[in-house]
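The structure appears right after this line, and notes come after that.
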Amino acid sequence: MIDHKRSRLSHQSFWQRWKEDGDLEAKKQLIEHYLPLVDYVSSRMAVGLPKNVTKDDLVSNGAMGLIDAIEKFDYQRGLQFETYASWRIRGSIIDGLRQGDWVPRSVRDKAKKMEDAYTVLEQRNLRSATDEEVCDYLNITDKEFQQMLQEVAVSTICSLEDPIREEESETRLTLLVDDKAVNPESKVHETFLKETLMQGIDRLTPKERTVVSLFYYEDLSLSEIAEVMSLSPSRISQLHSKAILRLRAALSKQKDQLMHK
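When the sequence shown is numbered by the UniProt record's numbering, its final residue is 261 and no position is left out of the sequence of numbers.
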């Protein structure tokens, strides 16, 4: 990965030339320098996606996100470009996948049924639903449940960002980029969502929390997490799917409450 400190020092002049003078050569230099970010994010997101989705597709969409990040980044605010760009790249890839309708309708339907099951059961019991309870609710066997988890894995691999806001990826970053005057209503909504997400994470099982932490906060791939936790990659994929379904259920419930207030 990129040496952040050296990157900021050695490319400050490129940022100045691009942002202040509109120097296209400086912009080109920035794009070339940060291209490894596109490959890094694409490689992580490629895990668990269907075989018909090639890494070249991800890289192509991710490159558009990188260019968009370079065009919109405010280098004078002292923020770390790599973090901002990674979110832009990820958002651009997700948008591309959505447009390509890469998840079959049948898989989306199964994921929705499982999400609804977690919503109802956890609201009813005020605790995390067990696998057995979900199976009973859906009237399926444990084997069928595990199979469903495997099938919906491709729909949850990128979706931690999705439930937080349903708008485009740009909206998720408005507090980070600019707009110094924050809309009070948006700030309250943001606070509610963050609190709900924290509560949802607290209600995950220990293994599910570990997977979420390692994947989204430590930037490990699912295969790397499998090695760390001494579990099979398929088991890690299932734990990830269950965690995301629980979080989506919690956020969906919060959304309904906000809409009815």
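C-beta: ideal position from N, C-alpha, C; glycine also.
{"Query": "Span of the alpha helix (DSSP H) holding H33?", "Result": "L24 to A46"}
{"Query": "Return yes when the Cβ of V38 is within less than 8 Å of the Cβ of A69, no when it is not.", "Result": "no"}
{"Query": "Three-state secondary structure (DSSP) at G78?", "Result": "coil"}
{"Query": "Here's the rule: buried if 16 or more other CB atoms are within 10 angstroms of the residue's CB, otherwise exposed. What is L126?", "Result": "exposed"}
{"Query": "Return the chain-ordered list of same chain residues with a C-beta closer than 6 Å to the C-beta of R88, the five sequence neighbours on each side being excluded.", "Result": "G65, D68 and A69"}
{"Query": "Please report the distance separating the alpha-carbon of E185 from that of E195.", "Result": "For E185, the predicted model reports a pLDDT of 46, less than 50, meaning its position is unreliable and no value from the coordinates is stated."}
{"Query": "Using a 10 Å radius around the Cβ and a threshold of 16 neighbouring Cβ atoms, would you call M114 buried or exposed?", "Result": "buried"}
{"Query": "Should V41 and R90 be called a contact, given that it needs their Cβ atoms to be closer than 8 Å?", "Result": "yes"}
{"Query": "Taking the alpha-carbon positions, what's the A26 to R105 distance?", "Result": "44 Å"}
{"Query": "Are there 16 or more other CB atoms within 10 angstroms of the CB of V228, so buried, or fewer, so exposed?", "Result": "exposed"}
{"Query": "Could you have a look at F145 and say whether DSSP puts it in helix, strand or coil?", "Result": "helix"}
{"Query": "So, at 8 Å on beta carbons, what are the nonlocal neighbours of Q12 in its own chain, with the 5 sequence-adjacent residues on each side left out?", "Result": "Y75"}
{"Query": "With a cut-off of 8 Å, do at least 3 Cβ pairs link the stretch 130 to 140 to the stretch 217 to 235?", "Result": "no"}
{"Query": "Among K143, S232, D116 and P233, which residue has its Cα nearest to the Cα of residue 264?", "Result": "An answer regarding residue 264 cannot be provided, because it is not within the stretch 1 to 261 covered by the chain."}
{"Query": "Rounding to the nearest angstrom, what Cα-Cα distance links F14 and L30 in this structure?", "Result": "7 Å"}
{"Query": "Helix, strand or coil: how does DSSP classify E218 here?", "Result": "coil"}
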